[in-house]
Each structure stands twice: as structure tokens, then as C-alpha cells.
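Visitor: The structure's right below; bear with me while I get my questions together.
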Amino acid sequence: SYFYLGGNIRPGGESAPVAPAGQSGVATLLLVLGVVPMVMALRSVRRERAGLLRGAVLAAFALAALHLWLLLDALLGSGLAPAMSGRDSAFVGLAGFHAVAAFALLVMLAVSVIWVLLRPSDGRGYATVWNASAVYFYVAASGALTFVVLYLVPRWG
């Protein structure tokens, strides 16, 4: 695979360190935990429970926002040199794609938050929650898979 061509060696012969998983692991966990309020939001749409819907959408937005902040902080502070290393370039490419998807999710959730705060009884806004939930499930699955590929697989050898 492209990641491991050259035996994980950077230009100059030194071995590339495995990226620390702590902060990114917390970010991924927060994103995956956000699936719970999204499921609650979908159930509250069916039952037309505005209070539960409001709380669930706000919780999902908060978890996604915290996830994106931690992800960007870890990525920007990683010290990777994508211009100098194919491994670093692939790492930034995958993590960057996930960050873009997480940002798009945050925008969709922001629309849902605006709707749930301003017009929760307007049935046309339910589609914003349904659409955001579909994207949330995709981004959570993608985030978990990205975490495994970038942080766990290199540790397994």
C-alpha cells in the first residue's frame, strides 16, 4: 500500500513515528457517541416531541463541533510534513477528507439547530434532521474507519 512503501522511512533514512492516538481517539469517541442523540432525534420526530428533539439535535451538534475542534487541533499540531513524506501526505489527505466531511456535517446540524430553536413545530424542518442524521451516520462510520487506518493499523505492524 502507498502508506507503507519504503518500510515507513522518511527521506534521510529516519523512521517515521506512529502518530499519537490520544486526542484523535477522544475526538472519534465523541463523534461515535453523537449517534445516540441523532437516533433520539429521529425517534422524537416520529413522536413529535419538540423538547426531546431540541435536546437531541443540540447534543449532536455539540458533540460534532467538539469532535471537529479536537480533530483539527490534533491534525494541525501533529508536525507532519506532507511535502516531504508520502506517508505524511497520505495521512493528511485521509484526515483532511474526514475533517471536510465533519465540517459539512456541522453545517447541516447548524441548519437543524436553527430550525429546532426557531420553528420546531413546522413539519417541513423535519427533513433537516433526517438529512443531518444520514450524514452523521456516514461521518461517524467514516471517522471510526479513518481512526483505525491512521492510528491503529500502524501499531499492529
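Using this note's numbering, read the sequence shown as starting at 0 and increasing by one per residue.
Every residue gets a Cβ at the ideal spot worked out from N, C-alpha and C, and that includes glycine.
Could you work out which residue in Glu47, Ala63, Val147 is closest to Leu29 when comparing CA atoms only?
Guide: By one-based count along the sequence shown, residue 29 stands at place 30. The option with the nearest alpha carbon to Leu29 is Ala63.
Visitor: Mind checking which residues open and close the alpha helix (DSSP H) that includes Leu67?
Guide: Taking the first residue of the sequence shown as position 1, residue 67 is located at position 68. Per DSSP, Leu67 belongs to the alpha helix (DSSP H) from 49-75.
Visitor: How long is the line joining the alpha carbons of Thr127 and Leu108, rounded to whole angstroms?
Guide: Against the sequence shown, residue 127 aligns to sequence position 128. Against the sequence shown, residue 108 aligns to sequence position 109. Rounded to whole angstroms, Thr127 to Leu108 spans 8 Å at the Cα level.
Visitor: Please report the distance separating the alpha-carbon of Trp114 from that of Arg45.
Guide: Locating residue 114 in the sequence shown gives position 115, where the first residue counts as 1. Locating residue 45 in the sequence shown gives position 46, where the first residue counts as 1. Distance between the alpha carbons of Trp114 and Arg45 is about 16 Å.
Visitor: Rounded to a whole number of angstroms, what is the C-alpha to C-alpha distance between Pro153 and Phe90?
Guide: In the sequence shown, residue 153 corresponds to position 154, counting from 1. In the sequence shown, residue 90 corresponds to position 91, counting from 1. Going by the C-alpha atoms only, they are around 11 Å apart.
Visitor: Do you know how far the Cα of Arg86 is from the Cα of Ala49?
Guide: The residue labelled residue 49 in the question sits at position 50 within the sequence shown. The residue labelled residue 86 in the question sits at position 87 within the sequence shown. Taking the straight line from one Cα to the other gives about 47 Å.
Visitor: Run through DSSP, which three-state label would Asp87 get?
Guide: In the sequence shown, residue 87 corresponds to position 88, counting from 1. DSSP places Asp87 in helix when its eight states are reduced to three.
Visitor: Quick check: what's the CA-CA separation for Ser111 versus Val56?
Guide: Counting from one through the sequence shown, the residue named residue 111 turns up at place 112. Counting from one through the sequence shown, the residue named residue 56 turns up at place 57. Near 7 Å, if we compare the C-alpha coordinates of Val56 and Ser111.
Visitor: How is Pro119 classed by DSSP in three states: helix, strand or coil?
Guide: The count along the sequence shown starts at 1 and reaches residue 119 at position 120. Correct three-state label for Pro119: coil.
Visitor: Verify the contact flag: Trp68, CB atom, against every heavy atom of the ligand COA, threshold strictly below 7 Å.
Guide: No copy of the ligand COA occurs in the structure displayed, which carries no ligand at all.
Visitor: Would you give the residue range spanned by the alpha helix (DSSP H) that Val138 belongs to?
Guide: In the sequence shown, the residue the question calls residue 138 occupies position 139. Per DSSP, Val138 belongs to the alpha helix (DSSP H) from 125-146.
Visitor: Do you know how far the Cα of Thr145 is from the Cα of Leu93?
Guide: Translated into positions along the sequence shown, residue 93 becomes position 94. Translated into positions along the sequence shown, residue 145 becomes position 146. Rounded to the nearest angstrom, the two C-alpha atoms are 7 Å apart.
Visitor: Sort Pro81, Val138, Glu47, Val34 by Cα distance to His97 and report the nearest one.
Guide: Walking along the sequence shown from the start, residue 97 turns up at place 98. Cα-wise, what sits closest to His97 is Val138.
Visitor: Measure the Cβ-Cβ separation of Ala80 and Gln22 and say whether it is below 8 Å.
Guide: Translated into positions along the sequence shown, residue 80 becomes position 81. Translated into positions along the sequence shown, residue 22 becomes position 23. Their beta carbons are not under 8 Å apart, which means Ala80 does not touch Gln22 by this criterion.
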